[in-house]
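**Q** First the structure, then my questions, so here it is.
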Amino acid sequence: MIKTTQWIVVTLVLCLSVSVAFSQGLAPPSNVTAVDTPNDDGSSITIKWDAAVEGSGISGYQILRRIADGELETIGALLPADAATYVDSAIEKGTAYTYIVRAVGETEATVDSEQTPLVEGTGEWFHTGKIPLLIAMLLFSAAILWNIYDARSGKDIFVRRIPGLEAVDEAIGRATEMGRSILYSTGMAGVSGVATIASMTILGQVARRTADYETALRVPCRDPIVLNVVREMVKTAYLEEGRPDAYNEDDIFFITESQFAYAAGVEGMMLREKPAAIFLQGTFYAESLILAETGNSVGAIQIAGTDSEHQLPFFIAACDYTLIGEELYAASAYLSREPMLLGSLRGQDWGKLLIFAAIVLGVVLELSGVSWITTLLQRVS
Amino acid sequence: MDFWSFIGIWVAAFLTLSIYSVLYRDNPFYRFAEHLFVGVSVGYGIVLSIYQGLVPFALKPLWETVETGAPEGFIKLIPICIGLLFFARLSPRHTWLIRYPIAILIGFGSGIAIPNVLRANIFEQTRGTIAPFAEIAAGTLSGWGIFEAVLMVVGVICTLTYFFFAVEHRGPVKWLSKVGIAFLMIGFGSAFGNTVMGRVALLIQRVDFLLNDWIASIRALF
């Protein structure tokens, strides 16, 4: 008897809610589709439906999900009425899901869409949206390779004067004359940082000269992997200069990965050892002024270089010479004069020329009401 | 104030003053604080590497594979073995093996970084420089907005000219790059002022700690 009463109550409530929904004119969400999100690693499914029109009485949407034979579960928060897409990123790879979009009315009446077919998240090998970026990179690489080929064929490539790099010999010579060491910091970034790679290439050139002059080169490292690469590079430089006996592995050492502890350690080294020349090349953060100011206070000649634009002002204020941004990347070509690096440098100039042309042409076209360049750049990025 | 809070304030105050003592000159207090700081950070780093790197990315997946015996799980052994090659440095005879993980790491890192740098630092910024001119053409930009858009283009072109390395800076190139350097220095000047203000705020925070917390703890003694 009680069960029958319960059934009657439930049925009445359901009928009432449906009738309320219909009385409000609440239509179920239409054209609901659930597809595997394209160009991802298979960790999401995208659900789409037609957005509610004005005056439809819909105040929001709720997404419901179910595994093949499982229970319906509500996912995510209540979406606004103008939403027409939802990306479910909380799925398990290899599991198929079905979805229902529930329209919620202003009086909290609800109406459900039809259930979507089962869909599974699968990863893609290629991100098709990045093909324009790939083409741009291939063109850029082709320009660099062409210039490298040109440089290797014996053509002389001009590189403009960079004062900070002309001072490298002066700094090493000064340290040699004073019988004091040279301190070289590769910065705070890891081995795959572009500035760290550039810094290590410069270090290779500095090491060649210190091998020649028999000047102590001290390199405190923040990253254990950078430490190993730096040791290899300096050792190779000493070998190539015919001075393997002068190489001392203990001069290249790990301090700590902690930013300010590293700064404190290097600062202490500067104060105690009083190096005659200090190179701060790579990525630096808030510790830049601590290092540069301490180096300045011990009277060292300082050559800094970084692509961290927020730290450049401090280096410019406290160091003798500063390589600004891309000058750091150009430094290795400038110092070594190797055809490969010189060719690469000119290839990069071609890239900059292309940007230059794109800006001028883009401005002219935009003023004429044509948006080709901005559309192209939007697709590429 | 409980006993441990009191000790904590005194240790923090002692280390703060020890670190600031370097402003006078190198001294035993600074050395003590420096070595303690470096030592503690290395120890903390090692524990962090074990619990956030070694255990979740190497030991746990390996153990799960051994437990389930799923043959595809053994593919995880490849990156683990590549990582282990870093330890080849400990053997002078096999030290050359370290070049393989380093080469993989640099190649992988560059491959990830370069497209992102191109997208964020070149394409997006070029588009951002040009985009306001569409608004100028549509007549929706104010006089000040037009001035800003033109100033931006002039600044970008001149600064870009400064970074041409394979071209001699003579004639118009020289003048454009000189204007570019002026733009750079104005930018650096404003960044300098902005960051110094942030650093002063940090100093105020430390001085506030010494004056309020530490001095208050001294008063509490008497």
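Those protein sequences? They're chains A and B, same order as listed. Using the working numbering, you'd call the opening residue of the first sequence number 1 and step up by one each time. Using the working numbering, you'd call the opening residue of the second sequence number 1001 and step up by one each time. Ideal Cβ positions, reconstructed from N, Cα and C, are used throughout, including at glycine.
By alpha-carbon positions, which one of A:L365, A:Y329 and A:V360 ends up nearest to B:F1163?
**A** Mapped onto the second sequence, residue 1163 of chain B falls at position 163. Comparing Cα-Cα distances from B:F1163 to each of A:L365, A:Y329 and A:V360, the minimum goes to A:Y329.
**Q** Going straight from the alpha carbon of A:P29 to that of A:S113, what length do you get?
**A** As a first step, residue 29 of chain A must be located in the first sequence, where it is residue number 29. As a first step, residue 113 of chain A must be located in the first sequence, where it is residue number 113. The straight-line gap from Cα to Cα measures roughly 5 Å.
**Q** Report the neighbours of A:F158 on chain B: residues whose CB is nearer than 8 Å to its CB, in chain order.
**A** Stepping through the first sequence from its first residue, residue 158 of chain A is reached at position 158. Correct list: A1166, V1167 and E1168.
**Q** Give the straight-line distance between the Cα atoms of B:F1006 and B:A1033, rounded to the nearest whole angstrom.
**A** The sequence position of residue 1006 of chain B within the second sequence is 6, counting from 1. The sequence position of residue 1033 of chain B within the second sequence is 33, counting from 1. One C-alpha to the other measures close to 19 Å.
**Q** Spell out the partners DSSP gives A:A277 in its beta bridges.
**A** Within the first sequence, the letter at position 277 stands for residue 277 of chain A. Answer is A:I182 and A:I301, bridged to A:A277.
**Q** Starting from B:I1122, follow the alpha helix (DSSP H) in both directions and report where the run begins and ends.
**A** Start at 1 with the first residue of the second sequence, and residue 1122 of chain B comes out as number 122. B:I1122 -> no alpha helix (DSSP H), and no H or E assigned at all.
**Q** Could you confirm whether any beta carbon from chain A is found closer than 8 Å to the beta carbon of B:L1203?
**A** Position 203 of the second sequence, counted from the start, is the residue given in the question as residue 1203 of chain B. So, not an interface residue.
**Q** How big is the Cα-Cα spacing for B:N1194 and A:G343?
**A** By 1-based counting over the second sequence, the position of residue 1194 of chain B is 194. By 1-based counting over the first sequence, the position of residue 343 of chain A is 343. Approximately 39 Å between the Cα atoms of the pair.
**Q** Counting only the same chain and skipping the five closest in sequence on each side, list residues whose C-beta sits under 8 Å from that of A:A136.
**A** Here the question's residue 136 of chain A lines up with position 136 in the first sequence. Contacts found: V380.
**Q** Could you tell me the alpha carbon to alpha carbon distance between A:E54 and A:A81, rounded to whole angstroms?
**A** On the first sequence, residue 54 of chain A is found 54 positions in, with the first residue counted as 1. On the first sequence, residue 81 of chain A is found 81 positions in, with the first residue counted as 1. Taking the straight line from one Cα to the other gives about 9 Å.
**Q** When you compare the CB of B:L1097 with every CB in chain A, is at least one pair closer than 8 Å?
**A** To locate residue 1097 of chain B, count along the second sequence from 1; it is residue 97. Output row for B:L1097: interface = no.
**Q** In chain order, what residues of the segment 1120 to 1132 of chain B put their CB closer than 7 Å to some CB of chain A?
**A** Answer in chain order: I1122, F1123, E1124, T1126, R1127, T1129, I1130 and A1131.
**Q** Closer than 7 Å by beta-carbon distance: list the chain B residues that pair up with A:F356, in chain order.
**A** Numbered from 1 along the first sequence, position 356 holds the residue referred to as residue 356 of chain A. Per Cβ cutoff of 7 Å: I1157 and L1160.
**Q** Can you tell me whether A:G187 is helix, strand or coil according to DSSP?
**A** Stepping through the first sequence from its first residue, residue 187 of chain A is reached at position 187. The answer is strand: DSSP assigns A:G187 an E or B state.
**Q** Have a look at B:F1222, B:E1124 and B:L1151 and flag the residue whose alpha-carbon is nearest the alpha-carbon of A:L376.
**A** Stepping through the first sequence from its first residue, residue 376 of chain A is reached at position 376. The candidate whose alpha carbon is nearest that of A:L376 is B:E1124.
**Q** Compare the C-beta of A:F22 with all C-beta atoms of chain B and state if any pair is closer than 8 Å.
**A** In the first sequence, the residue the question calls residue 22 of chain A occupies position 22. Interpretation of A:F22 is limited by its pLDDT of 49, a score under 50 that renders its predicted location unreliable; the figure taken from the coordinates is listed afterwards. Chain B, which has no Cβ nearer than 8 Å to the Cβ of A:F22, makes this no.
**Q** On the three-pair Cβ rule with 8 Å, is the segment 276 to 289 of chain A touching the segment 190 to 199 of chain A?
**A** Yes, since at least three Cβ pairs between the segment 276 to 289 of chain A and the segment 190 to 199 of chain A fall closer than 8 Å, the two stretches touch.
**Q** So, are the CB atoms of B:V1038 and A:A264 less than 8 Å apart?
**A** Residue 1038 of chain B sits at position 38 when you count from the first residue of the second sequence. Residue 264 of chain A sits at position 264 when you count from the first residue of the first sequence. Against a cut-off of 8 Å, the Cβ pair of A:A264 and B:V1038 comes out as a contact.
**Q** Are the C-beta atoms of B:E1064 and some chain A residue less than 8 Å apart?
**A** Translated into positions along the second sequence, residue 1064 of chain B becomes position 64. No, its Cβ sits nowhere closer than 8 Å to a Cβ of chain A.
**Q** Can you pull out the residues from the segment 322 to 341 of chain A whose beta carbon lies closer than 9 Å to at least one beta carbon of chain B?
**A** Within the segment 322 to 341 of chain A, the residues whose Cβ lies closer than 9 Å to some Cβ of chain B are I324, G325, E326, E327, A330, A333 and Y334, listed in chain order.
**Q** Can you pull the chain A neighbours of B:P1115, defined as C-beta to C-beta under 8 Å?
**A** Here residue 1115 of chain B corresponds to residue number 115 of the second sequence, with the count starting at 1. In chain order: K130, L133 and M137.
**Q** Is it buried or exposed, A:Y86, if we count other Cβ atoms within 10 angstroms and call 16 or more buried?
**A** Within the first sequence, residue 86 of chain A is the residue found at index 86, counting from 1. So A:Y86 counts as buried.
**Q** Would B:I1050 count as contacting chain A if we go by Cβ distances under 8 Å?
**A** Stepping through the second sequence from its first residue, residue 1050 of chain B is reached at position 50. Not one chain A Cβ lies under 8 Å of B:I1050.
**Q** Please decide whether B:S1018 counts as near chain A, where near means a Cβ-Cβ distance under 8 Å.
**A** Stepping through the second sequence from its first residue, residue 1018 of chain B is reached at position 18. Not one chain A Cβ lies under 8 Å of B:S1018.
**Q** Run through the DSSP bridge pairs and tell me what B:P1079 is partnered with.
**A** Working through the second sequence from its first residue, we reach residue 1079 of chain B at position 79. Answer is none; B:P1079 lacks a bridge partner.
**Q** Nearest chain B C-beta to A:V230 closer than 8 Å, yes or no?
**A** As a position in the first sequence, residue 230 of chain A is number 230, starting the count at 1. Chain B contact via Cβ: absent.
**Q** Helix, strand or coil: which one does DSSP assign to A:G60?
**A** Taking the first sequence and counting its residues from 1, one reaches residue 60 of chain A at position 60. Three-state DSSP puts A:G60 in a strand.
**Q** Do A:V401 and A:V32 have their CB atoms nearer than 8 Å?
**A** Coverage of chain A is limited to positions 1 through 381, which leaves residue 401 of chain A absent and any answer about it impossible.
**Q** Since I believe A:G60 is in contact with A:L72 (beta carbons under 8 Å), could you give me their beta-carbon distance rounded to a whole number of angstroms?
**A** Your numbering for residue 72 of chain A matches position 72 in the first sequence. Your numbering for residue 60 of chain A matches position 60 in the first sequence. The Cβ separation is near 18 Å, so there is no contact.
**Q** For B:K1060, does the three-state DSSP call read helix, strand or coil?
**A** Residue 1060 of chain B sits at position 60 when you count from the first residue of the second sequence. Helix.
**Q** For A:S192 versus B:L1202, is the C-beta spacing smaller than 8 Å?
**A** Position 192 of the first sequence holds residue 192 of chain A. Position 202 of the second sequence holds residue 1202 of chain B. Their beta carbons are not under 8 Å apart, which means A:S192 does not touch B:L1202 by this criterion.
**Q** Can you pull the chain A residues whose beta carbon is under 9 Å from the beta carbon of B:V1011, in chain order?
**A** Here residue 1011 of chain B refers to the residue found at position 11 when the second sequence is read from its first residue. Correct list: empty, because the minimum Cβ distance to chain A is about 16 Å.
**Q** The alpha helix (DSSP H) spanning B:K1178 covers which residue range?
**A** Working through the second sequence from its first residue, we reach residue 1178 of chain B at position 178. Where B:K1178 is concerned, the enclosing alpha helix (DSSP H) stretches over P1172 to D1208.
**Q** Report the rounded CA-to-CA distance for A:E170 versus A:S153, giving the unit in angstroms.
**A** Along the first sequence, one-based indexing puts residue 170 of chain A at 170. Along the first sequence, one-based indexing puts residue 153 of chain A at 153. Taking the straight line joining both Cα atoms gives about 32 Å.
**Q** To be precise: take each residue of the segment 363 to 381 of chain A, compare its Cβ to all Cβ atoms of chain B, and keep it if any distance is under 8 Å. Which residues remain?
**A** From the segment 363 to 381 of chain A, only V363, E366, L367, S368, G369, S371, I373, T374, L377, Q378, V380 and S381 have a Cβ closer than 8 Å to chain B.
**Q** Threshold first: 4 residues or longer. Then list the alpha helix (DSSP H) segments lying entirely within the segment 212 to 282 of chain A, N to C.
**A** The qualifying runs are 224 to 240 and 259 to 273.
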